[in-house]
Amino acid sequence: VVPFRMASTFMTSFSRGFGGTNVSVVSYAAKDTSHLPDSAAPMPLADGLVFWPGGGGKVDGDSMPKEHFAIAGTFSEWEPQPMKKESEGVFSCSVTLGENRWEQFQIWLDGDPL
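Right, dumping it as structure tokens:
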């Protein structure tokens with residue numbers, strides 16, 4: 071979800087009649103901020119992966135990567151990209167979905183698919 075860049079917008083609706091009448095309506099709307107608090111509340115974090123069809127879950131201590139976790143998928147033409155370490159045991163990355171709104175991916179240890 072991408073927020074609007076501005077707090078107002080213009081919209082046009084156009085219609086043609088069978089008798090030759092053309093109508094165009096220009097609408098304007100603005101966000102009513104009078105009922106909002108002064109400071110915006112932070113957005114809640116999305117839940118983590120709750121279903122992993124390929125298996126997985128916790129990684130054993132001896133299987134932890136020596137360098138990094140990496141993610142590879144259709145969005146990167148299967149080239150591994152290092153994931154950012156947020157805190158102990160928490161890694162993240164941002165993936166921009168393509169025009170079909172889905173991507174296949176794998177999480178690799180040290181950039182190795184096996």
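Residue 71 is where the sequence shown starts when you use my numbering, and the numbers rise one by one after that. Glycine included, C-beta positions come from ideal geometry on N, C-alpha and C.
Close beta carbons around residue i, own chain, < 6 Å, minus the five adjacent residues each side
i, result
"residue 162", "154 and 156"
"residue 150", "140, 142, 178 and 181"
Beta carbon of residue i nearer than 8 Å to that of residue j
i, j, result
"residue 145", "residue 179", "no"
"residue 83", "residue 99", "no"
"residue 96", "residue 80", "yes"
"residue 183", "residue 174", "no"
Contacting residues, own chain, Cβ-Cβ under 8 Å from residue i (five flanking each side not counted)
i, result
"residue 135", "179 and 180"
"residue 148", "142"
Length of the line joining the Cα atoms of residue i and residue j
i, j, result
"residue 160", "residue 152", "13 Å"
"residue 91", "residue 172", "43 Å"
"residue 137", "residue 75", "39 Å"
"residue 88", "residue 164", "50 Å"
Reduced DSSP secondary structure (H/G/I, E/B, other) of residue i
i, result
"residue 144", "helix"
"residue 96", "strand"
"residue 75", "coil"
"residue 160", "strand"
"residue 182", "strand"
"residue 80", "strand"
"residue 104", "coil"
"residue 88", "coil"
"residue 136", "coil"
"residue 176", "strand"
"residue 150", "coil"
"residue 121", "Its pLDDT being 48, under 50, residue 121 is placed unreliably by the model, and the measurement read from it follows with that caveat. Residue state, collapsed to three classes: coil."
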